[in-house]
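Undergrad:
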Amino acid sequence: MTPAGQSVEQRFGNAEASDGGLLFQGHVNGPLHIHHTRTVQRVIPFSRNEDVVDRDAFDALDRLLPSATPADYQSAALWGLGGSGKTQIALEYAYRRSRDPACSVLWVHADNETTFTQDYKAIAKRLGLAGSMDGPELLTAVRERSRRQPR
């Protein structure tokens with residue numbers, strides 16, 4: 001791949017056209033400006049709960065996980081008793097963060113190893129990785145591909 005701002009010569013030739021079409025052969029010379037845009041991924045498996053109650057937890061998460069700089073990767077874990085609202089907090093926070101055009105939100109069900117692996121395989125597929133990976137190889141590949149995404 002050519003670094004941004006590097007001049008490149010692109011050769012075109014042997015183009016043919018019929019029925020009054022134009023024929024072009026030659027060279028095109030000039031600077032090639034490549035601007036990488038980060039492919040933002042959003043995998044949120046549930047609809048947004050419009051009735052969610054605004055909680056102090058959102059403010060705490062915003063303090064703990066400020067908007068990332070391009071080199072930052074951040075994560076958080078919520079824990080508590082069943083029925084205490086962990087999923088709703090995480091879901092609302094995911095939707096709020098997904099408004100940031102530079103923020104990827106990837107939801108992974110970690111109920112058990114099977115759901116965890118299934119979700120990681122789905123993320124791998126979205127990132128263009130081979131679907132045959134498992135275990136640590138899958139986790140490493142997803143992590144590395146996510147980190148290498150152009151920003």
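Taking UniProt numbering, the leading residue of the sequence shown gets 1, the next gets one more, and so forth. For each residue, glycine too, the CB sits at the ideal point set by N, CA and C.
If you compare alpha carbons, which of 102, 49, 128, 142 is closest to residue 90?
TA: Along the sequence shown, read from residue 1 onward, the residue named residue 90 stands at position 90. Taking only the C-alpha atoms, the option nearest residue 90 is 49.
Undergrad: For residue 21, which three-state DSSP category applies?
TA: Translated into the one-based positions of the sequence shown, residue 21 becomes position 21. Low local confidence applies: a pLDDT of 49 at residue 21 is under 50, so the model's placement there is unreliable, and no value is given.
Undergrad: Rounded to whole angstroms, what's the CA-CA distance from residue 59 to residue 130? Just pull it up for me.
TA: To locate residue 59, count along the sequence shown from 1; it is residue 59. To locate residue 130, count along the sequence shown from 1; it is residue 130. For residue 59 and residue 130, the distance between alpha carbons rounds to 38 Å.
Undergrad: Just verifying my parser: in three-state terms, what is the DSSP assignment at residue 105?
TA: Position 105 of the sequence shown, counting from 1, holds the residue named residue 105. Strand.
Undergrad: Could you check what DSSP says for residue 48 in three-state terms: helix, strand or coil?
TA: Position 48 of the sequence shown holds residue 48. The answer is coil: DSSP assigns residue 48 none of H, G, I, E or B.
Undergrad: Would you please verify whether the beta carbon of residue 91 is less than 9 Å from any beta carbon of chain C?
TA: In the displayed structure, chain C is absent; only one protein chain is listed.
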